[in-house]
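Novice: Below are the structure tokens for one structure; questions will follow.
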Amino acid sequence: MFEGLSEKLSSIFDSLTRRGALSEEDVNLALREVRRALLEADVALDVVRSFVDKVRARAIGANVVKSVTPGQMVVKIVNDVLIETLGSDADPINLDAAAPVAIMMVGLQGAGKTTTAAKIAKRLKEQMGRKVLMASLDVKRPAAQEQLAVLGRQVGVDTLPIVAGQTPVQIAVRAEQAGRLQGYDVVLFDTAGRTHIDEALMQEMVEIKAASRPHEILLVADSLTGQDAVHLAKNFDDRVGITGIVLTRVDGDGRGGAALSMRAVTGKPIKLLGSGEKMDALEDFHPSRIANRILG
Ligand code: GDP
Numbered sequence: 001m002f003e004g005l006s007e008k009l010s011s012i013f014d015s016l017t018r019r020g021a022l023s024e025e026d027v028n029l030a031l032r033e034v035r036r037a038l039l040e041a042d043v044a045l046d047v048v049r050s051f052v053d054k055v056r057a058r059a060i061g062a063n064v065v066k067s068v069t070p071g072q073m074v075v076k077i078v079n080d081v082l083i084e085t086l087g088s089d090a091d092p093i094n095l096d097a098a099a100p101v102a103i104m105m106v107g108l109q110g111a112g113k114t115t116t117a118a119k120i121a122k123r124l125k126e127q128m129g130r131k132v133l134m135a136s137l138d139v140k141r142p143a144a145q146e147q148l149a150v151l152g153r154q155v156g157v158d159t160l161p162i163v164a165g166q167t168p169v170q171i172a173v174r175a176e177q178a179g180r181l182q183g184y185d186v187v188l189f190d191t192a193g194r195t196h197i198d199e200a201l202m203q204e205m206v207e208i209k210a211a212s213r214p215h216e217i218l219l220v221a222d223s224l225t226g227q228d229a230v231h232l233a234k235n236f237d238d239r240v241g242i243t244g245i246v247l248t249r250v251d252g253d254g255r256g257g258a259a260l261s262m263r264a265v266t267g268k269p270i271k272l273l274g275s276g277e278k279m280d281a282l283e284d285f286h287p288s289r290i291a292n293r294i295l296g
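Numbering-wise, UniProt numbering puts 31 at position 31 of the sequence shown, and it's gapless, one number per residue.
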């Protein structure tokens, strides 16, 4: 992602004479590079603007301490603002509620919801010793429920038995009951997606939310969709209310602007990253690590 911004900024400043404080002119020169790098990374324009304004406000007149070059100074400010925008710390899945804790996965078709549900279930079971039940509420795609059952067997996590002909809400109610009566710690609700956002999808999510009363609603979004992912996050957050974001396919993402934009636009934390098709390819989101990658 935006490889070499750090180097570029340093070289701009190294060609300038050292001064006691950063001048407006120096800062504007640097900000042009920052802006270009963020746009190249597919960060939404509004987000780039407010990001650059924040860096400008902090950089102009900032005293350059003797031990660093002005370039390093600007890099540090950009880094600080990046981390603030991304969220200052890793934000894990919150299980702090009475069992069974409901987690609802939402997102478009193909974003990686089912895969991510199984990855999360595996992690909760293996790393935290939780007893997890997964339920697919996807009655749109004929093979969806079976796909989750296959993944469940693969990771050694139970899935709700499939009953043909039920509506998503009926399945949600059955999953909630099974979770309660059979002593599960966590119930993961995998929902149906669509190829694009539509009213029927949002309505279905609202009804499932009412039936499953989730403690976490995780939007699963494909990081390769860039700006569309931002629009998606805003819509899901406005209509359904999300508590966090999982960005998938970061293994194929050369740009990574989606993370910054989604966080800035929704204010909701990026909780996890999907980094491959394998069941272990799930990573915690560390803002400082991403900022380092961005700065190059
Ligand atoms: P859903 O329709 O949202 O449930 O999406 P799926 O979970 O069925 O995923 C669609 C495809 O994307 C599958 O082939 C997954 O293996 C793949 N996939 C999911 N997450 C990732 C990821 O983080 N990286 C890569 N490379 N592929 C992924």
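All C-beta atoms, glycine included, are put in the ideal place defined by N, C-alpha and C.
Going by the C-beta, is Val132 closer than 7 Å to any heavy atom of the ligand GDP?
Specialist: In the sequence shown, the residue the question calls residue 132 occupies position 132. Answer for Val132: no, Cβ out of range of the ligand GDP.
Novice: Below 8 Å, how does it come out for the region 255 to 266 and the region 123 to 141: are there three or more Cβ pairs, yes or no?
Specialist: Flag = no, the region 255 to 266 and the region 123 to 141 do not touch.
Novice: Where do the ends of the alpha helix (DSSP H) carrying Thr167 lie?
Specialist: Within the sequence shown, the letter at position 167 stands for residue 167. Neither: Thr167 is in no alpha helix (DSSP H) and is coded neither H nor E.
Novice: Please find out if some non-hydrogen atom of the ligand GDP comes closer than 7 Å to the beta-carbon of Gly252.
Specialist: Numbered from 1 along the sequence shown, position 252 holds the residue referred to as residue 252. Result yes, Cβ under 7 Å from the ligand GDP.
Novice: What is the DSSP secondary structure of Phe285, reduced to helix, strand or coil?
Specialist: Within the sequence shown, numbered from 1, the residue matching residue 285 stands at position 285. DSSP places Phe285 in coil when its eight states are reduced to three.
Novice: I'd like to know whether the C-beta atoms of residue 298 and Leu247 end up nearer to each other than 8 Å.
Specialist: Shown here, the chain extends from 1 to 296; a query on residue 298 therefore has no answer.
Novice: Could you tell me if the beta carbon of Glu283 falls within a distance shorter than 7 Å of some heavy atom in the ligand GDP?
Specialist: Here residue 283 refers to the residue found at position 283 when the sequence shown is read from its first residue. No - the ligand GDP has no heavy atom lying nearer than 7 Å to the Cβ of Glu283.
Novice: If you measure from the CB of Gln109, is any heavy atom of the ligand GDP nearer than 7 Å?
Specialist: The sequence position of residue 109 within the sequence shown is 109, counting from 1. Yes.
Novice: Name the DSSP bridge partner or partners of Asp158?
Specialist: Here residue 158 corresponds to residue number 158 of the sequence shown, with the count starting at 1. Paired residue(s): Leu133.
Novice: Regarding Glu277 and the ligand GDP, is the C-beta to nearest heavy atom distance less than 7 Å?
Specialist: Counting from 1 along the sequence shown, the entry for residue 277 is found at position 277. Yes.
Novice: Return the first residue and the last residue of the beta strand (DSSP E) that Met140 is part of.
Specialist: Your numbering for residue 140 matches position 140 in the sequence shown. Here residue 140 is Lys; the residue named in the question, Met, does not match the sequence. Segment: none, Lys140 is in no beta strand (DSSP E) and carries neither H nor E.
Novice: What is the DSSP secondary structure of Glu277, counted as helix, strand or coil?
Specialist: In the sequence shown, the residue the question calls residue 277 occupies position 277. Coil.
Novice: Going residue by residue through the region 212 to 279, where are the continuous alpha helix (DSSP H) segments of at least 4 residues, counting only ones entirely within it?
Specialist: Taking only runs of at least 4 residues, the alpha helix (DSSP H) segments lying wholly in the region 212 to 279 are 227 to 239, 257 to 266.
Novice: Classify Val163: buried if its beta carbon has 16 or more other beta carbons within 10 angstroms, exposed otherwise.
Specialist: Within the sequence shown, the letter at position 163 stands for residue 163. Counting Cβ neighbours within 10 Å, Val163 comes out exposed, since fewer than 16 surround it.
Novice: Apart from the five residues on each side of it in sequence, which residues of its chain come closer than 6 Å, Cβ to Cβ, to Gly193?
Specialist: Indexing the sequence shown from 1 puts residue 193 at position 193. Closer than 6 Å at Cβ, skipping near neighbours: Gly107, Leu108, Gln109.
Novice: Helix, strand or coil for Leu188 per DSSP?
Specialist: Position 188 of the sequence shown, counted from the start, is the residue given in the question as residue 188. In this structure, Leu188 counts as strand in the three-state DSSP scheme.
Novice: State yes or no: is the C-beta of Thr191 nearer than 7 Å to some heavy atom of the ligand PLP?
Specialist: The ligand content of the structure shown is limited to the ligand GDP, which means the ligand PLP is not among them.
Novice: Report the residue from Lys131, Leu181, Ala118 whose alpha carbon sits nearest the alpha carbon of Val150.
Specialist: Residue 150 sits at position 150 when you count from the first residue of the sequence shown. Looking at the Cα atoms, Ala118 is the closest of the given residues.
Novice: Below 8 Å CB to CB, which residues in the same chain sit around His196 once its five sequence neighbours on both sides are set aside?
Specialist: Taking the sequence shown and counting its residues from 1, the one referred to as residue 196 is at position 196. The answer, listed in chain order, is Leu108.
Novice: What is the residue span of the beta strand (DSSP E) that Ile103 lies within?
Specialist: One-based indexing of the sequence shown puts residue 103 at position 103. Counting along the chain, the beta strand (DSSP E) containing Ile103 begins and ends at 101 to 106.
Novice: What distance in whole Å lies between the Cβ atoms of Ala97 and Val187, which are believed to be in contact at a cut-off of 8 Å?
Specialist: On the sequence shown, position 187 is the one that residue 187 refers to. On the sequence shown, position 97 is the one that residue 97 refers to. About 12 Å separates the two Cβ atoms, so there is no contact after all.
Novice: Considering only their Cβ atoms, is the gap separating Val220 from Thr116 smaller than 8 Å?
Specialist: Taking the first residue of the sequence shown as position 1, residue 116 is located at position 116. Taking the first residue of the sequence shown as position 1, residue 220 is located at position 220. Yes, Cβ-Cβ distance for Thr116 and Val220 is below 8 Å.
Novice: Does the beta-carbon of Gly193, which I'm using as the reference point, lie nearer than 7 Å to any heavy atom of the ligand GDP?
Specialist: One-based indexing of the sequence shown puts residue 193 at position 193. Indeed, a heavy atom of the ligand GDP lies less than 7 Å from the Cβ.
Novice: For a test of the three-state rule: what should DSSP assign to Asn292, helix, strand or coil?
Specialist: The residue given as residue 292 occupies position 292 in the sequence shown. Here Asn292 sits in helix by DSSP.
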